[in-house]
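Residue 3 in numbering that gives the first Met the number 0 is what sits at position 4 of the sequence shown, and the numbering runs on without skipping anything.
Read through the structure below, which is laid out as structure tokens, and then see the notes.
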Amino acid sequence: MKNIAGLMKQASQMQKKMEEMQAALEAMTLDGSAGAGMVSVTLNGKGELKGVRIDPKLADPAEMEMLQDLLVAAHADAKRKIEAAAAAEMQKVTGGLNLPPGMKLPF
Numbered sequence: 000m001k002n003i004a005g006l007m008k009q010a011s012q013m014q015k016k017m018e019e020m021q022a023a024l025e026a027m028t029l030d031g032s033a034g035a036g037m038v039s040v041t042l043n044g045k046g047e048l049k050g051v052r053i054d055p056k057l058a059d060p061a062e063m064e065m066l067q068d069l070l071v072a073a074h075a076d077a078k079r080k081i082e083a084a085a086a087a088e089m090q091k092v093t094g095g096l097n098l099p100p101g102m103k104l105p106f
């Protein structure tokens with residue numbers, strides 16, 4: 000019975016750490032960029048787009064298609080960084096425990 004109590008305590012501690020990590024990730028912001036920094040976006044830890052910065056040189060209407068493509072690429076860059084940070088934090092919380100493939104944070 001001592002083992003069960005110990006496991007329950009560890010599970011409770013892990014849950015608390017995961018909640019703390021999720022709060023920290025939600026507060027985190029990371030930038031992604033494309034076009035040699037001419038376009039950049041900022042995402043929060045949930046992957047929500049929070050800001051866009053566009054170099055004024057790109058505002059030419061003839062360049063709008065390229066601008067749209069760069070925005071998509073910049074967003075994808077920031078999203079990859081958020082996912083990598085979340086995976087690194089999850090690894091810290093789980094202590095190297097191998098989770099099932101595809102298991103992600105609840106958000």
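The beta carbon of each residue, even a glycine, is placed where N, CA and C say it ideally should be.
Small disclaimer: the values here were computed from a predicted structure and weren't measured.
Which residue from N43, L48, E62, E25 puts its Cα closest to that of G34? For the purposes of this step, residue 34 is taken as residue 35 along the sequence shown, with counting starting at 1. When the alpha-carbon of G34 is set against those of N43, L48, E62, E25, the nearest one is in E62.
May I ask you to report which of helix, strand or coil DSSP gives D76? Along the sequence shown, read from residue 1 onward, the residue named residue 76 stands at position 77. DSSP places D76 in the helix class (H, G or I) of the three-state scheme.
Three Cβ pairs or more, each shorter than 8 Å: is that satisfied between the stretch 9-26 and the stretch 39-56? Segments in contact, yes.
On the three-state DSSP scale, how would you describe K49? The residue you call residue 49 lines up with position 50 of the sequence shown. If DSSP states are grouped into helix, strand and coil, K49 belongs with the strands.
Just list the residues that DSSP pairs R42 with in beta bridges. The count along the sequence shown starts at 1 and reaches residue 42 at position 43. Here residue 42 is Leu; the residue named in the question, Arg, does not match the sequence. L42 is bridged by DSSP to L29, L48.
Could you compute how far the alpha carbon of M7 sits from the alpha carbon of K16? Taking the first residue of the sequence shown as 1, we reach residue 7 at position 8. Taking the first residue of the sequence shown as 1, we reach residue 16 at position 17. Distance between the alpha carbons of M7 and K16: 14 Å.
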